[in-house]
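Number of protein chains: 2
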Amino acid sequence: MQKASNGTRAGNRPEDQTGLKGGRTVSRQVLADHVYEELLASLMDGRLEPGAAVSIDGTARELDVSPTPVREALARLEHTGMVRRVALKGYRVAPVFTREDFADLMEARLAIEPVNARLACTRLNPHRLGELEQTVADLKSAPRGPSFAEYKDYLEADERFHQLIAQQTDNQFLLGAYAALGGQVQRFRLFGGVGITDAEYAIAEHQSVLDALSSGDPEKAEAAMAVHIQKVRERAMADAPEE
Amino acid sequence: MQKASNGTRAGNRPEDQTGLKGGRTVSRQVLADHVYEELLASLMDGRLEPGAAVSIDGTARELDVSPTPVREALARLEHTGMVRRVALKGYRVAPVFTREDFADLMEARLAIEPVNARLACTRLNPHRLGELEQTVADLKSAPRGPSFAEYKDYLEADERFHQLIAQQTDNQFLLGAYAALGGQVQRFRLFGGVGITDAEYAIAEHQSVLDALSSGDPEKAEAAMAVHIQKVRERAMADAPEE
DNA sequence: CCTGAGGCGTCCCTATAGGATCTGATCATG
DNA sequence: CATGATCAGATCCTATAGGGACGCCTCAGG
């Protein structure tokens, strides 16, 4: 019943984030953006489980905003595949991945990411290469305990590695295609059951992708990435007690 | 001032589309869906030109609905890249493609579509093959006049051909990735300047993709599709007086 | 003639109201 | 016991109100 707690919020004042003296705000943000990020974070770190209902009114109450921005944020999220909508029934978190879904996802990554690696290799500059090296170092040093909090950093470094390569292609369409898949990968690993059991192998594969990139040979980079994704698929399909 | 013209529309009655006797509606639809489709159609057939502002209130007045569903429809459209949004300033139709954008788009298609063709080939059934043959036949018989209305059918058949192959992969992620690109292709061809100047070549390439598919050889299908897209890129980059 | 201040209209954004619909529980009936 | 109708609460969906920001036009003053 925290309704109307701050009744004077009626007017919108979205420009108070960067305390720059001039009041010049670099990228202004509205409530719907904030709600979007909040929901996305909840989805990515497992607070919202697959199949759970995401009530518009409920979320609005929880975040202490009106349903209008929540509705807008969910409309955007629907297009990412993280939530599904049924008219007049509301939104639900997308169901858990089946074995077939995972195979499909890997097939799609296998189409996109080796190409990303090849193009990234041709456009690579020293600064970005440094970022990639740092990310692989993070991957090696990240803790890999059994609980989620303990391998969260590992997952984030992994995701960042692939993300950086996609950005390096300098191709908005490939980046967009990767972003659509990367989010699903992240979400799958939270609920796929298997924790991080293949870190040693995965780290070695990332390292070889990085080596190929820094060697400057696009074909090698493409091949290394293809190998990595195929191995990931094989390892994941090998366990997976589900179904 | 057509406001409040039909004041009794307050209640929503979305269940009147399929006249099935039982009243069982297969996929119900709400106003926001209708607005979405309306805007998408306007975008795809050129009524909304690149760079044009898409006012929320204005669109709402034009379609005689309230701004709320329009806002929701635009939030979904933004994620497709067809419109861009600036916080507190509103939505605009995405700007015209540059030469570089087009090259990027083709690079992305080259990553996705040959894979689609290969997978579609392994899963092809006679019924779908018949649809593909029909589509190529439509492509050959479609008029190809200079005005938009005269090559609209041609464009639609072309798009349908690629769409069918993407569907045939039976892979939601590849289908989604294709859908994101296919819309851009369609929109580009409306404003890229060049009309349909390469129909003879394009039809022959489509035919050879179809032949490869019906031959049942996945490698051949993949190669044929790759050739098609590379040729499309070459031909488009050859003209393109823009920039 | 040029310039700047002020009014006005438009637009974005959020909140709120209220009708329509779904869901789950209760209850009556074969 | 199983099954179908009824009702209440929650939820979705759309419309409307109203605040703040921005652009444009007018018009007075230099």
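Listed in order, the protein sequences are those of chains A and B.
Just so we're aligned, residue 1 is where the first sequence starts under the working numbering, counting upward by one.
Just so we're aligned, residue 1001 is where the second sequence starts under the working numbering, counting upward by one.
We put the CB at the ideal spot given by N, CA and C, even for glycine.
The model shown is predicted, which means the values in this text are computed figures rather than measured ones.
Shown here for residue 150/A: same chain residues with a beta carbon closer than 6 angstroms to its own, the five before and five after excluded, namely 143 in chain order. When Cβ pairs closer than 8 angstroms are counted between the two stretches, the region 1075–1085 of chain B is seen to touch the region 1179–1190 of chain B, the count reaching three or more.
For the region 91–145 of chain A, the full-length alpha helix (DSSP H) segments reaching 4 residues or more read 99–122 and 126–141 along the chain.
Under the three-state reduction of DSSP output, residue 53/A falls in the strand class.
Sequence-distant Cβ neighbours of residue 1175/B in its own chain, meaning closer than 8 angstroms and more than five residues away, are 1166, 1167 and 1169. In the three-state reduction of the DSSP assignment, residue 84/A falls in the strand class, which pools E and B.
Residue 1086/B and residue 1049/B do not touch by the CB rule: their CB atoms are close to 18 angstroms apart, not below 8 angstroms. By the criterion of at least three beta-carbon pairs nearer than 8 angstroms, the region 1209–1219 of chain B is not in contact with the region 1102–1114 of chain B. Chain A places no beta carbon closer than 7 angstroms to that of residue 1165/B, leaving this residue out of the contacts.
At least one beta carbon of chain B lies nearer than 7 angstroms to the beta carbon of residue 111/A.
CA-to-CA, the gap between residue 1215/B and residue 219/A works out to about 30 angstroms. Sixteen is the threshold: since fewer than 16 other Cβ atoms of the shown chains lie within 10 Å of the Cβ of residue 1088/B, the residue is exposed. In the three-state DSSP reduction, residue 66/A falls in the coil class, being neither helix nor strand. The Cβ atoms of residue 61/A and residue 1072/B do not sit closer than 7 angstroms to each other.
Put simply, the region 1029–1042 of chain B does not touch the region 222–234 of chain A. Fewer than three CB pairs are less than 8 angstroms apart.
For residue 59/A, the secondary structure class from DSSP, reduced to helix, strand or coil, is helix.
Contact annotation: residue 196/A and residue 139/A have beta-carbon atoms that are not nearer than 7 angstroms. Residue 1102/B is outside the set of residues whose beta carbon lies under 7 angstroms from a beta carbon in chain A. One finds nothing in chain A with a Cβ atom closer than 9 angstroms to the Cβ of residue 1182/B; even the nearest lies about 11 angstroms away.
Rounded to the nearest angstrom, the gap between the Cα atoms of residue 1205/B and residue 40/A is 43 angstroms. Buried is the label assigned to residue 1069/B, since at least 16 other Cβ atoms lie within 10 Å of its Cβ. Distance from residue 1173/B to residue 108/A at the Cβ level is roughly 4 angstroms; contact confirmed, criterion being Cβ atoms closer than 8 angstroms.
Non-local C-beta neighbours of residue 157/A in its own chain, meaning closer than 7 angstroms and more than five positions away in sequence, comprise 135, 138, 139 and 142, ordered along the chain.
Among the residues facing chain B, residue 175/A is not included, as its CB has no counterpart in that chain under 7 angstroms away. Nearest Cα to residue 1152/B within the set 1045/B, 1171/B and 1037/B: 1045/B.
Closest in C-alpha terms to residue 111/A, from the list 1036/B, 1227/B, 1146/B and 1222/B, comes 1222/B.
The three-state reading of DSSP puts residue 1235/B in helix, counting H, G and I together. CA-to-CA, the gap between residue 63/A and residue 37/A works out to about 12 angstroms. Within the region 82–103 of chain A, contact with chain B at the beta-carbon level (separation under 8 angstroms) is assigned to 87, 88 and 101. Taking 7 angstroms as the threshold, the shortest C-beta distance from residue 1040/B to chain A does not fall below it.
With respect to chain A, the C-beta atom of residue 1070/B has no partner C-beta closer than 7 angstroms. Per DSSP, reduced to three states, the secondary structure at residue 227/A is helical. DSSP, read as helix, strand or coil, puts residue 211/A in helix. Within the region 132–162 of chain A, not one residue has a Cβ closer than 8 angstroms to any Cβ of chain B. For residue 116/A, the number of other beta carbons within 10 angstroms of its own is at least 16, and it is reported as buried.
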